[in-house]
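Its first residue numbered 2, the sequence shown is counted upward by one per residue in this note's numbering. Virtual Cβ for every residue (Gly too), placed ideally from N, Cα, C.
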Amino acid sequence: MGAAARSLPLLLLAVAAVAGAAEALSLDVHHRYSATVRDWAEAAGHPGHRAPQAGTAEYYAALAGHDLRRRSLASSPPAPAAAPAAGGPLAFADGNETFRISDFGFLHYAVVALGTPNVTFLVALDTGSDLFWVPCDCVKCAPLSSPSYGNLQFDMYSPGNSSTSKKVPCSSSLCDLQTECSTKTSSCPYSIEYLSDNTSSNGVLVEDVMYLTSESGQPKITQAPITFGCGQVQTGSFLGSAAPNGLLGLGMASKSVPSLLASKGIAANSFSMCFGEDGHGRINFGDTGSSDQLETPLNIYKQNPYYNISITGVTVGNKSYSTKFSAIVDSGTSFTALSDPMYTDITSSFNAQVKEKKNPPDSSLPFEFCYTISSKGAVSLPNISLTAKGGSIFPVYDPIITITDASSKPIGYCLAIMKSEGVNLIGENFMSGLKIVFDRERLVLGWKTFNCYNVDNSSKLPVNQNPSSVPTKPAMGPSSSNPEAAKGPSPNITQIDVPQPSSSSSIQWHLSGTLAAIISLLCLASL
């Protein structure tokens, strides 16, 4: 998205942030179905925008259906640890916000500027993949404009139009497909396949400058040399429904943006993401966390270098389990997915402790344990938490989703955990209300309860605030319909007061054939 892409919605999104003493990269994050994004769509006169009504079965099916469950053709080793950068956290020059957009899948997006003169892109942020790529000299890419984009006009990158662009030869250490090169001086090709919807990106690697802003003292623009993919051919979801203007990998490999920034001494080899219950969030490159955060070691597997942690225990209300399994912390997954025996242990214990009767299976929903709210209008839920290796407690503030009818009245809820085979994924719903620190220097995952609108003074990284929409406290309750729900009398129970549904409310949870087809894509394969 170059100059043409800087229409009203992006001007509203791209709010610059100032981050503290070290060169920090910060971005706000918004949920694709958040109220803020709805306002942007309306302000843009978005004629084709139809986000599912929040709380409906269609809404949650759509969120789950757009998860990027990826599997690269070739895994890359994690980047070597780098010396801490001289500066502090950094932000993209076009703003410190990240946000989710309804028409482009359940992913967080940020505005990124590349090249000279600069071209601007709206890219998806993904901790489960490594390569940063944008549409480039396109043979087969998503359209640059579409009724579903509203007033947004995307742009594409072309190496020939940037005076600072350089080709990446096959002899480069970042070139994974050297065997497909005709000569060592040829441009290095890349090819990545993602697990969902036969989705892939193919092209050649290039190097150009990315514009970042430092926020120590007087803000200044930094031009950081970055290797990324010139995406000439995209398939599947990348042709429109998810990441149509590019994807920025935040993974462990040496070619990911955090790794490249660290290797050049531009930022510390760490970053953080904050996940607000309303879809708003932030990303800070170079953020190494704070002394008050909880931590657990990262498991590093050379063949699958994901943000993998070990879980040693689970508590569901008054029931605690000793267990041992590993899970990938993945910002590109909407809802947590667990394999047996942990899936059955958690769901069965939850089901035994709730008062409502479990509904019959409904193929239109991706969740097995769903319940109808009684006319009494109150729900008591067992609290859920994970115990990570080392003993730190990972609190789960948002384990359920609330189903509403056409008038937005709550009529039911589901335990928002999906069953998987062979892989465990901690999705965004388990990270809600937390600031997560991906510390790749110390090889630890850190977290703490945090309101994403607030300034984290403990890490000395000031960020932008939106006073008109700052919640009075961090979202602590698990109900999407009542984020300020108070804790119940027992430390193992959360009580949620739910408005009584009218007697005429029809409790029908059904989806169209199209959405049902999307749900059928949720089957997980082993990584």
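Assign residue i to one of three DSSP states: helix, strand, or coil.
| i | result |
| --- | --- |
| Met-157 | coil |
| Pro-396 | strand |
| Asp-406 | coil |
| Leu-261 | helix |
| Phe-439 | strand |
| Gln-304 | coil |
| Ser-149 | helix |
| Pro-500 | Bear in mind that the predicted position of Pro-500 carries a pLDDT of just 44, short of 50, making it too unreliable to give a figure here. |
| Gly-314 | strand |
| Thr-180 | helix |
| Gly-237 | helix |
| Asn-452 | coil |
| Pro-220 | coil |
| Asn-162 | helix |
| Lys-390 | coil |
| Thr-228 | strand |
| Leu-175 | coil |
| Val-169 | coil |
| Lys-256 | coil |
| Ser-292 | coil |
| Cys-415 | strand |
| Gly-423 | coil |
| Lys-320 | strand |
| Gly-266 | coil |
| Glu-297 | Going by the sequence as given, residue 297 is Thr instead of Glu. Three-state DSSP puts Thr-297 in a strand. |
| Thr-214 | strand |
| Asn-199 | coil |
Taking just the CA atoms, how far does residue j sit from residue i?
| i | j | result |
| --- | --- | --- |
| Leu-444 | Leu-299 | 5 angstroms |
| Glu-296 | Ile-402 | 27 angstroms |
| Pro-306 | Met-253 | 6 angstroms |
| Leu-435 | Ser-323 | 24 angstroms |
| Thr-373 | Tyr-344 | 21 angstroms |
| Pro-118 | Asn-162 | 8 angstroms |
| Thr-313 | Lys-390 | 6 angstroms |
| Lys-410 | Asn-203 | 46 angstroms |
| Ile-310 | Asp-209 | 34 angstroms |
| Gly-230 | Leu-261 | 14 angstroms |
| Cys-139 | Leu-251 | 24 angstroms |
| Cys-171 | Thr-236 | 24 angstroms |
| Val-38 | Gly-447 | Residue confidence is low: Val-38 scores 44 on pLDDT, short of 50, so the model does not pin down where it sits. No coordinate-derived value is stated. |
| Pro-530 | Ser-365 | In the structure displayed, the chain extends from 2 to 528; residue 530 sits before or after that span and is not available. |
| Pro-396 | Leu-387 | 6 angstroms |
| Gln-179 | Tyr-191 | 9 angstroms |
| Cys-137 | Gly-247 | 10 angstroms |
| Arg-283 | Phe-451 | 11 angstroms |
| Phe-155 | Ser-146 | 6 angstroms |
| Asp-293 | Phe-439 | 15 angstroms |
| Asn-319 | Asn-352 | 12 angstroms |
| Ser-159 | Val-258 | 20 angstroms |
| Tyr-1 | Ser-376 | Nothing about residue 1 can be read from this structure; the chain reaches only from 2 to 528. |
| Thr-165 | Ser-201 | 27 angstroms |
| Ile-347 | Ser-421 | 14 angstroms |
| Thr-223 | Val-113 | 13 angstroms |
| Lys-168 | Tyr-302 | 31 angstroms |
| Gly-428 | Ile-385 | 15 angstroms |
| Asp-127 | Ala-243 | 12 angstroms |
| Asn-425 | Ser-340 | 6 angstroms |
| Tyr-265 | Thr-214 | One detail in the question is off: residue 265 reads as Lys in this sequence, not Tyr. Computed Cα separation, rounded: 16 angstroms. |
Can you tell me where the alpha helix (DSSP H) with residue i in it begins and where it stops?
| i | result |
| --- | --- |
| Leu-115 | First-last for Leu-115: 109 to 115, but that is the beta strand (DSSP E), not the alpha helix (DSSP H). |
| Met-432 | 429 to 432 |
In the DSSP assignment, find the unbroken beta strand (DSSP E) run with residue i in it and report its ends.
| i | result |
| --- | --- |
| Phe-286 | 282 to 286 |
| Asp-138 | 134 to 141 |
| Cys-275 | 271 to 276 |
| Pro-90 | No beta strand (DSSP E) contains Pro-90, which DSSP labels as neither H nor E. |
| Gly-250 | 248 to 250 |
| Ile-193 | 190 to 195 |
| Pro-383 | 379 to 383 |
| Leu-602 | Shown here, the chain extends from 2 to 528; a query on residue 602 therefore has no answer. |
List the whole-angstrom C-beta distance separating residue i from residue j, where the pair is believed to meet the contact cut-off of C-beta under 8 angstroms.
| i | j | result |
| --- | --- | --- |
| Ala-143 | Phe-239 | 6 angstroms |
| Arg-441 | Asn-270 | 5 angstroms |
| Phe-276 | Ser-433 | 5 angstroms |
| Cys-189 | Leu-206 | 4 angstroms |
| Ser-321 | Ile-437 | Going by Cβ atoms, the distance from Ser-321 to Ile-437 rounds to 24 angstroms, so no, they are not a contact pair. |
How about residue i: is its C-beta nearer than 8 angstroms to some C-beta of chain B?
| i | result |
| --- | --- |
| Asp-288 | The chain labelled as chain B is not found in the depicted structure, where only one protein chain is given. |
Practice item. Run through the region 323 to 375 for me and flag every whole alpha helix (DSSP H) of 4 or more residues, listed as ranges in chain order. Key: 343 to 354
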